[in-house]
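Down below is the structure, laid out as structure tokens.
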Amino acid sequence: MTRRLLASYLCLTALVLLCLEIPLGFRYAADERDRAADAARDEAESAAAYTALSLATGRAGLDLTERAVHCAERVGGKVVIVDGSGGVLAASHPVSRRAARALPARPGIAAALKGSAAMDVRTAVFGGAEHLSVTAPVVRGAEEARGAVWLIVPTQTARDRIGRAWLLLGAGGLGVLTAVSVIGLGLARWAGRPIRELERATHALADGDATAPVPVTKGPPEVRRLAAAFNRTAARLAHLLASQHAFAGEASHQLKTPLAALRLRLENLEPDVCGPGRGSLAAAVTETDRLARMVEGLLAMARLEEDAATPGPVDVGAVCVERHRTWLPLFEREGVALVLFAGSVGPVLAVPGAVEQILDNLLSNALRASPSGSTVTIELRLLVPAKRALRDARPCWVDLHVTDEGPGMTPEQRQRAFDRFWRAPGAPKGGTGLGLSLVQRLSVASGGAASLHAAATGGLDAVVRLPSAELPTGTNAIGRQGTRRREAPPLPA
Numbered sequence: 324m325t326r327r328l329l330a331s332y333l334c335l336t337a338l339v340l341l342c343l344e345i346p347l348g349f350r351y352a353a354d355e356r357d358r359a360a361d362a363a364r365d366e367a368e369s370a371a372a373y374t375a376l377s378l379a380t381g382r383a384g385l386d387l388t389e390r391a392v393h394c395a396e397r398v399g400g401k402v403v404i405v406d407g408s409g410g411v412l413a414a415s416h417p418v419s420r421r422a423a424r425a426l427p428a429r430p431g432i433a434a435a436l437k438g439s440a441a442m443d444v445r446t447a448v449f450g451g452a453e454h455l456s457v458t459a460p461v462v463r464g465a466e467e468a469r470g471a472v473w474l475i476v477p478t479q480t481a482r483d484r485i486g487r488a489w490l491l492l493g494a495g496g497l498g499v500l501t502a503v504s505v506i507g508l509g510l511a512r513w514a515g516r517p518i519r520e521l522e523r524a525t526h527a528l529a530d531g532d533a534t535a536p537v538p539v540t541k542g543p544p545e546v547r548r549l550a551a552a553f554n555r556t557a558a559r560l561a562h563l564l565a566s567q568h569a570f571a572g573e574a575s576h577q578l579k580t581p582l583a584a585l586r587l588r589l590e591n592l593e594p595d596v597c598g599p600g601r602g603s604l605a606a607a608v609t610e611t612d613r614l615a616r617m618v619e620g621l622l623a624m625a626r627l628e629e630d631a632a633t634p635g636p637v638d639v640g641a642v643c644v645e646r647h648r649t650w651l652p653l654f655e656r657e658g659v660a661l662v663l664f665a666g667s668v669g670p671v672l673a674v675p676g677a678v679e680q681i682l683d684n685l686l687s688n689a690l691r692a693s694p695s696g697s698t699v700t701i702e703l704r705l706l707v708p709a710k711r712a713l714r715d716a717r718p719c720w721v722d723l724h725v726t727d728e729g730p731g732m733t734p735e736q737r738q739r740a741f742d743r744f745w746r747a748p749g750a751p752k753g754g755t756g757l758g759l760s761l762v763q764r765l766s767v768a769s770g771g772a773a774s775l776h777a778a779a780t781g782g783l784d785a786v787v788r789l790p791s792a793e794l795p796t797g798t799n800a801i802g803r804q805g806t807r808r809r810e811a812p813p814l815p816a
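Quick note: the sequence shown uses this note's numbering, first residue 324, plus one each step.
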């Protein structure tokens with residue numbers, strides 16, 4: 324913002340300077356040329372009047388030569404005075420015979436000798452340089468031409484003065500731009516500092532960090548009002564989030580005790596319930612268990628939102644082996660095979676306990692959806708970016724697949740499967756609708772992503788992509804002790 328404000332100040336100042344200095348420079352150049360021409364005319368006219376007086380009084384000679392030299396010195400040029408026949412009467416400089424014979428043929432002198440009373444002013448080139456040529460007739464009375472005064476002045480002097488004027492204008496413009504740069508930089512920093520503080524506070528708020536109030540005593544009035552509004556918004560948002568977290572956590576904790584007591588009472592009723600009522604009692608116990616799992620899921624999500632733990636290295640292969648050993652008896656009891664394909668993929672980055680919870684929820688869903696005699700597969704796959712495969716064979720991402728052979732889901736159902744409390748129509752009983760939502764939140768908190776895809780066996784392929792803790796050299800991604808989170812690449816369709 325500071326650079327943009329400073330650039331706008333400089334552009335506006337430069338535009339104003341150009342609009343002022345360019346016309347001023349051209350005006351000065353025109354005036355300077357007019358002054359040089361006027362000075363040459365005045366000198367030529369004065370010399371012509373003096374020559375006419377000298378010829379009338381018979382004092383032509385040395386006086387005319389001195390006059391010519393004096394006029395030439397005042398204008399910085401040369402002066403030649405000729406008589407009525409074109410002969411040289413006086414000159415401010417030596418005139419060769421060849422040049423003297425060519426004088427009557429010059430346009431201005433020829434016109435004056437023929438009786439023209441008008442002064443001839445034009446530019447001509449002498450010796451490769453441009454000069455201002457002025458010819459003034461020397462007349463006797465108002466009818467007879469007695470000679471002419473020819474004055475030439477180099478225009479280089481006027482051009483030098485014009486060039487110096489342009490340099491002064493340019494230097495003045497640069498001085499103004501420098502002053503505007505210094506003043507504008509101070510103003511831009513003054514105006515941009517509270518904006519930068521607001522930006523930092525906004526990013527911190529978006530990342531879930533607690534931020535101190537943004538100062539409201541700096542910057543323009545509009546920025547101070549914006550900072551005050553931001554502080555009120557941040558405080559209200561923090562209060563709402565704290566209330567939401569507190570409610571979720573407290574409600575989950577408070578519900579666990581009465582649910583346990585309710586289940587115990589239902590189990591105690593079993594001996595006193597007759598045969599027709601035992602089915603309803605078993606259904607009540609099942610729903611009580613489902614409600615307890617739902618409370619556990621809400622409590623886990625509340626803890627996840629409150630802790631905001633930093634991802635750390637986790638041996639995903641070892642976790643898969645341990646969870647496979649734990650879940651295998653449950654799968655065997657239901658007649659479902661549980662197969663593990665876990666190669667050497669190295670550690671991944673995940674929040675503490677995330678991989679275990681992700682596997683538990685995915686395996687629980689797969690077990691409920693799998694018919695007897697089917698197979699559920701746990702598989703770890705390496706994802707190596709093609710651009711880095713030749714340079715460094717270490718993986719950047721690890722995909723965790725849990726594939727079942729159940730009924731699967733339609734594309735529309737897979738899009739909604741991560742919504743809280745959503746369950747697919749016809750889904751097996753016992754689910755809470757929170758498992759996949761918790762899987763997605765744990766994956767994102769670990770710097771990865773989760774998605775559902777149709778399996779080749781007709782069931783569902785749940786994919787969780789996690790960042791590898793072993794990074795290719797030369798990357799800017801997060802390392803074992805880093806804090807910069809990498810963006811997960813798109814999951815396979």
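Just so it is clear, CB atoms sit at the ideal spot from N, CA and C, and this is done for glycine as well.
Close beta carbons around residue i, own chain, < 8 Å, minus the five adjacent residues each side
i: F664; result: T700, I701, E702, L703
i: V411; result: V403, I404, V405, V418, A423, L426
i: L585; result: T611
i: L347; result: L492
i: A433; result: P427
i: R648; result: none
Beta-carbon proximity list for residue i, same chain, < 6 Å, skipping 5 on both sides
i: R350; result: none
i: A367; result: V457, A459, V472, L474
i: T780; result: E728
i: A740; result: L759, L775
i: A359; result: A481
i: M324; result: G515, I518
i: I681; result: V762, L765, V787
i: R326; result: none
i: R646; result: L682
i: V448; result: none
Same chain, Cβ closer than 7 Å to residue i, neighbours up to 5 away in sequence not counted
i: V462; result: A375, A440, A468, R469
i: V668; result: V639, G640, L703, L705, P718, V721
i: L436; result: G407, G409, P427, A468, A471
i: R356; result: A481
i: V476; result: A359, A363, V398, G399, G400, H454, L455
i: E344; result: L492, G496
i: V767; result: none
Cβ separation of residue i and residue j, assumed to be a contact under 8 Å, to the nearest whole Å
i: G782; j: T726; result: 6 Å
i: L521; j: A550; result: 6 Å
i: A511; j: L329; result: 5 Å
i: S377; j: D365; result: With a Cβ gap of about 18 Å, S377 and D365 do not count as contacting.
i: V499; j: T336; result: 7 Å
i: S415; j: A391; result: 4 Å
i: G658; j: G602; result: Not confirmed; about 23 Å, so no contact.
i: L604; j: V596; result: 5 Å
Residue i burial status per 10 Å Cβ neighbour count (16 or more: buried)
i: V339; result: exposed
i: N684; result: buried
i: A379; result: exposed
i: A773; result: buried
i: H526; result: exposed
i: V642; result: buried
i: L690; result: buried
i: H454; result: buried
i: R714; result: Because the pLDDT at R714 is just 47, under 50, the model does not fix this residue reliably, and the value given afterwards should be weighed accordingly. R714 is exposed by the Cβ-count criterion.
i: N688; result: buried
i: G450; result: exposed
i: L490; result: exposed
i: S331; result: exposed
i: V537; result: buried
i: L564; result: exposed
i: V546; result: buried
i: A712; result: The predicted model places A712 with a pLDDT of 44, which falls under 50 and marks its position as unreliable, so this point remains unresolved.
i: P694; result: exposed
i: D483; result: exposed
Chain C within 9 Å of residue i, Cβ atoms only
i: W513; result: Within the model displayed, chain C is absent; a lone protein chain is all it includes.
* To do: Specify whether the stretch 394-403 and the stretch 495-505 touch according to this definition: at least 3 beta carbon pairs, one from each stretch, less than 8 Å apart.
  => no
* To do: Only counting runs of 4 or more residues, tell me where the alpha helix (DSSP H) segments fall wholly within the stretch 542-599, in order along the chain.
  => 544-592
* **Validate contact between the stretch 669-681 and the stretch 598-611 using beta carbons, cut 8 Å, 3 pairs** => no
* Asked: Where in the stretch 385-436 do unbroken runs of the beta strand (DSSP E), each at least 3 residues long, occur, reported from the N-terminal end onward?
  -> 401-406, 411-414
* Asked: Along the chain, which unbroken stretches of the beta strand (DSSP E) at least 3 residues long are found entirely within the stretch 755-799?
  -> 772-777, 783-790
* Asked: Which full runs of the alpha helix (DSSP H) of 4+ residues lie inside the stretch 645-722, going along the chain?
  -> 677-692, 709-712
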